Amino acid sequence: MSIITRIRKNEYFKSAIAIVLVIVVVLGFFLVLQFALHVEVPIRVVESGSMCVPYSNRCDGWSHAFSQTLHVGDIIVIQGVNPEEINSDYPNSDIIVYQNPTNPAATPIVHRVVEKYQIGDIWYFQTKGDGNGQNWPATPSVQEYDSNSLWHTGEGVSEHLVLGKVVMRIPWFGHITLFLRNNPWGLPAIVTIIIALLVIEFIFPIFKDRRKQQQQNIDNEILQENSFSLIKR
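Positions 0 to 232 (numbering that gives the first Met the number 0) are the ones given, in order, by the sequence shown.
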């Protein structure tokens, strides 16, 4: 049996290949989403409760997984969009992801478009969180617009700051990311679990094989001794 054949049949080699394939598939899927949705970051996690409309004083996303608003822990899929095509027909308007006009480097904001207007060739969007002020779908006052309640200029979000619109909401699963981000021991715990799984997968079998080989050697020695004794008789 050639070295290459033995390597290919090795269980550790197969496990390593499987891990690499999983990583490649995940990265490939992300790149495909980037290309298909025309946006740099096609998947994000909702961190704020500003889009959450409470039901029975609850706003956790667990009990109303399929509501039309967003909850903390939701995974959202984002699509690049032509600013002119963004729907501003409130309350059924688009939810957009945009950079804060006063701090573009901050975490992007995910709010619903209330209205849009054009100055020259540039589109601007007035936005509001569904759970801020009067809860969606009630018609908000101008004072509740983000431009008046967050950055206090009255000017809407420029199309140049719009990263895309939300096209899909996946409830619950984003809590894993938030857990890792918000708990200082979250990431070490995950790393510890991964290391433990690798030890179980790769290290334990090595010791098991060694013990098995040692036992086999002992059995062979006993068998040889018994055979030698029979010959002497």
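For every residue, glycine included, the Cβ atom is placed at its ideal position computed from N, Cα and C. A quick note: this is a predicted structure, and the numbers were derived from the prediction, not measured.
For this session: Please specify which runs of the alpha helix (DSSP H), each continuous and at least 4 residues long, are wholly inside the segment 109 to 157, giving them in chain order.
Result: Runs of the alpha helix (DSSP H) inside the segment 109 to 157: 145 to 148.
For this session: Check the DSSP bridge columns for N102 and list the partner residues they point to.
Result: Partner(s): N99.
Problem set entry | DSSP beta-bridge partners of K164 | Paired residues: Q78, I95.
Problem set entry | Three-state secondary structure assigned by DSSP to I169 | Correct three-state label for I169: strand.
Exercise. Between which two residues does the beta strand (DSSP E) carrying I42 extend?
Worked result: Its beta strand (DSSP E) spans residues 42 to 44.
Exercise. Taking contact to mean at least 3 C-beta pairs separated by less than 8 Å, is the segment 77 to 97 in contact with the segment 173 to 190?
Worked result: As far as the Cβ criterion goes, the segment 77 to 97 does not touch the segment 173 to 190, which means the pair count is below three.
Exercise. Within 10 angstroms of its Cβ, does F172 collect 16 or more other Cβ (buried), or is it exposed?
Worked result: F172 comes out exposed.
Problem set entry | Beta-carbon proximity check, D93 vs V112, cutoff 8 Å | In contact: D93 and V112 (Cβ atoms closer than 8 Å).
Exercise. Taking buried to mean at least 16 other C-beta atoms within 10 Å of its own C-beta, is N182 buried or exposed?
Worked result: By the 10 Å Cβ count, N182 comes out exposed.
For this session: Report the residue from V31, G132, P139, S146 whose alpha carbon sits nearest the alpha carbon of V156.
Result: Ranking the options by Cα distance to V156, first place goes to S146.
Exercise. How big is the Cα-Cα spacing for R180 and A105?
Worked result: When only Cα atoms are considered, R180 and A105 end up about 16 Å apart.
Exercise. Which residues in the same chain have their Cβ closer than 7 Å to the Cβ of G153, if we skip the five residues on either side of it in sequence?
Worked result: Within the same chain, G153 has close Cβ partners S146, N147.
Exercise. Nearest CA to the CA of V165: which residue from I118, N91, G132, H159?
Worked result: Comparing Cα-Cα distances from V165 to each of I118, N91, G132, H159, the minimum goes to N91.
For this session: Please determine, among I18, S66, M167, L149, the residue with the shortest C-alpha to C-alpha distance to K127.
Result: When each option's Cα is compared against that of K127, the closest is L149.
For this session: Measure the C-alpha to C-alpha separation of D129 and L196 and round it to an integer number of angstroms.
Result: Straight through space, the alpha carbons of L196 and D129 are spaced by roughly 43 Å.
For this session: Please state whether DSSP places V31 in a helix, a strand or coil.
Result: Residue state, collapsed to three classes: helix.
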